[in-house]
Amino acid sequence: MEDSLGGSSSKDNCGIKEQDRLLPIANVSRLMKQILPQNAKISKEAKETMQECVSEFISFVTSEASEKCRKERRKTVNGDDICWALATLGFDDYAAPIRRYLHRYREIEVDHNNKANHQERGINNPQERDELCKLR
Amino acid sequence: MVSMAEEEENGVSIQLEFPKGRVKKIMTLDKDIKRVSSEALFLVSRSTELFLQFLAEKSANVAIEKKRKTVNLEHVRMAVKRHQPTRDFLLDELPPPSQPAKPDKSTQPVARPKHDAPPPGTRRIDQFFRKPDPQNPAESPENPGQAQSPEISAQAQYPDIPALVQSPEILAQAQSPVPVDES
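Chains W and H supply the protein sequences, listed in that same order.
Residue numbering for the first sequence follows our numbering, starting at 1398 and increasing by one per position.
Residue numbering for the second sequence follows our numbering, starting at 58 and increasing by one per position.
Next comes the structure, spelled out in structure tokens:
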């Protein structure tokens, strides 16, 4: 019964495993507990619902950003697209902290790139970076 | 790897709460999404953390309003409803309320007629719409020898009524007295 979430259950039949479309409940639960008062409890159903909510949020923001890329004929969704999507979808409260994170992330990335003497940017994953190294 | 000093400079950590691989998997479920920069992945992950914290806090506030110590689905639903941007994309995705398979002890008990004894000389109206119980001839409307209230003759007059009375709501209406003009 723990997989049954009423209206969302139809998604379970798409052949997509829950572990592929949901964030781990342990992480979700931990983050919730950080926010809630110490004596508060969270029902199992509420935790599972939160799991679904955050996956929906990810899909929602990503598809908005992706749509912008499509219209502008770009293939890669970047950080600015995400900032734009958040503001467009009404989450402008996040705009300031997210821009700070972006700024910080770029500083650190530049730093790493300089240290490692890499010239490439916008690499999706370490595998690609390794492959590019092999090509040089 | 990133040093702790780098992470905490300016008070902005780049340590993520959610596993990057999983966030990316969820993003790429949408087949229109082809490539995602590591920047974008980072920001989606971070903004998702913010969203979760926001929703958790609002849900907890609802629970506190309702004087509950356990945050449940209905508190989450109320929190979703109260924030328009969230409501727009999320309300329809939530499980429907009041799942019959999962009785929630904190909600009000279902308003079913109690099986206590009716006052003497009367009968519960739902008794009239059940088949006569062979073990309890006293409840059979076809047993005129027993002391019966006037309602029984009503059933004889309107034999079609049982078919209408299927839901508790109609029974409840049948039980409520006809309003009397008190002028």
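Glycine residues also receive a C-beta, built at the ideal position from the N, C-alpha and C atoms.
Self-check item: Neighbouring residues, chain W, relative to H:M84 (Cβ below 7 angstroms)
Solution: From the beta-carbon of H:M84, the residues of chain W found nearer than 7 angstroms are I1455, T1459.
Practice problem: Classify W:K1438 as helix, strand or coil using the three-state DSSP reduction. | Solution: W:K1438: strand per DSSP, three-state reduction.
Quiz item: Under a three-way DSSP split, which group does H:R181 fall into?
Solution: coil
Quiz item: Hey, would you say W:A1492 sits closer than 8 angstroms to W:K1465, going by beta carbons?
Solution: no
Quiz item: Of all the CB atoms in chain W, is at least one closer than 8 angstroms to the CB of H:D183?
Solution: It does not: the Cβ of H:D183 has no partner Cβ on chain W nearer than 8 angstroms.
Practice problem: Compute the minimum distance between the beta carbon of H:D145 and the heavy atoms of the ligand SAH, and state whether it is under 7 angstroms. | Solution: No copy of the ligand SAH occurs in the structure displayed, which carries no ligand at all.
Practice problem: Figure out for me which residue from W:N1424, W:G1476, W:N1510, W:E1415 has the closest Cα to the Cα of H:R92. | Solution: W:G1476
Quiz item: Mapping DSSP to helix, strand and coil, what is W:I1501?
Solution: Note on identity: in this sequence residue 1501 of chain W is Arg, with Ile being the wrong assignment. Here W:R1501 carries a helix assignment [DSSP, helix/strand/coil].
Quiz prompt | Complete runs of the alpha helix (DSSP H) confined to the segment 1453-1502 of chain W [at least 4 residues] | solution = Counting whole runs of 4 or more residues, the segment 1453-1502 of chain W contains the alpha helix (DSSP H) stretches 1476-1485.
Exercise. Going by CA-CA distance only, name the one from H:F75, H:I90, H:R134, H:M135 that's closest to W:E1461.
Key: Residue H:I90 is the option with its Cα nearest to W:E1461.
Quiz item: Does DSSP classify H:T246 as helix, strand or coil?
Solution: There is simply no residue 246 of chain H to check, as chain H begins at 58 and stops at 240 in what is shown.
Self-check item: Nearest candidate by alpha-carbon position, reference H:S104, set W:D1417, W:A1484, W:A1513, W:E1445
Solution: W:A1484
Quiz item: If you draw a straight line from the alpha carbon of W:C1480 to that of H:F111, how long is it in whole angstroms?
Solution: Taken atom to atom, the span from the alpha-carbon of W:C1480 to that of H:F111 is near 18 angstroms.
Quiz item: Any C-beta of chain H sitting closer than 8 angstroms to the C-beta of W:R1470?
Solution: no
Self-check item: Residue of W:T1459, W:K1441, W:F1457 minimising C-alpha distance to H:V128
Solution: W:K1441
Exercise. Residues of the segment 86-103 of chain H with a CB closer than 7 angstroms to any CB of chain W: list them in chain order, please.
Key: If the cut-off is 7 angstroms between Cβ atoms, the segment 86-103 of chain H has L86, D87, D89, I90, K91, R92, V93, S94, S95, E96, A97, F99, L100, V101, R103 near chain W.
Exercise. Establish whether the CB of H:E122 and some CB of chain W are separated by less than 8 angstroms.
Key: no
Quiz item: If you drop the 5 nearest sequence neighbours on each side, which residues of the same chain put their C-beta closer than 7 angstroms to that of H:A136?
Solution: Cβ within range, chain order: L112, K115, S116, V119.
Quiz item: Could you give the distance in angstroms between the alpha-carbon of W:R1497 and the alpha-carbon of W:E1415?
Solution: 32 angstroms
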